[in-house]
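Residue numbers (UniProt numbering): 1 to 200.
Structure below.
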């Protein structure tokens with residue numbers, strides 16, 4: 001396999017970086033497979049103390065989103081909102097947001113990034129934490145979307161009896177989202193706040 005000429009990045013040539021860009025294409029193309037593999041790994045054990053696995057929680061949230069008529073960005077965002085839990089349990093929300101940020105609407109990435117602090121509304125008082133810590137974002141354009149995401153799709157998705165859709169049913173959506181051009185302004189739509197679909 002051909003390799004670059006440098007041992008320090010600052011010494012690389014245009015040819016070196018062209019070589020790397022070409023070599024990385026197949027790896028980037030397999031991002032959906034790595035995402036799906038991580039979701040499957042999250043099905044190996046239950047969330048500590050919960051009645052379901054991490055994967056089931058994501059499936060339930062995504063199923064709720066799909067059944068409420070959410071678009072593909074919201075559905076994939078709901079499915080992957082806790083994808084960072086395995087490697088970064090103390091800041092999984094921000095980790096998860098960075099996984100999806102290049103490929104989804106900015107609104108969805110922001111909601112995933114902040115859902116942890118918004119979820120404290122439901123349990124913060126039991127730990128002596130500020131359950132209203134989310135209020136620091138009350139003037140943010142995506143505040144209501146995050147509050148709705150947590151109420152409708154996240155906090156309600158820990159039910160072992162909920163009839164959730166299968167991971168296989170979401171695989172085409174994951175592949176579609178992660179095959180988008182990264183950081184495409186037409187996808188990111190910065191400054192746009194649509195919110196969740198209205199309840200029927």
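Glycine is no exception: its CB is placed at the ideal position from the N, C-alpha and C atoms.
Please read all numbers here as calculations on a predicted model, not as lab measurements.
- The beta carbon of residue 153 sits closer than 7 Å to the beta carbons of 61, 64, 65, 78 from its chain, once the five residues preceding and following it are set aside; these are given in chain order.
- Taking the Cα positions, residue 16 is about 36 Å away from residue 40.
- Residue 53 carries a strand assignment under DSSP once its states are collapsed to helix, strand and coil.
- For residue 134, the CB contacts under 6 Å within the same chain, skipping 5 residues up- and downstream, are 117, 118 in chain order.
- Proximity to residue 3 across 19, 181, 70, 11 peaks at 19, based on C-alpha coordinates.
- Within the model, the alpha-carbon separation for residue 122 versus residue 23 is close to 46 Å.
- Measuring C-alpha to C-alpha distances from residue 34 to each of 162, 184, 100 identifies 100 as the nearest.
- Rounded to the nearest whole angstrom, the C-alpha separation of residue 130 and residue 155 is 17 Å.
- When the five nearest sequence neighbours on each side are left out, the beta carbons in the same chain lying within less than 6 Å of the beta carbon of residue 68 are those of 197, in order along the chain.
- Residue 126 and residue 21 have their C-alpha atoms spaced approximately 50 Å apart.
- Rounded to whole angstroms, the gap between the alpha carbons of residue 188 and residue 181 is 10 Å.
- Taking a 10 Å sphere around the C-beta of residue 192, we find fewer than 16 other C-beta atoms and assign the residue as exposed.
- In the structure shown, the three-state DSSP call for residue 178 is helix.
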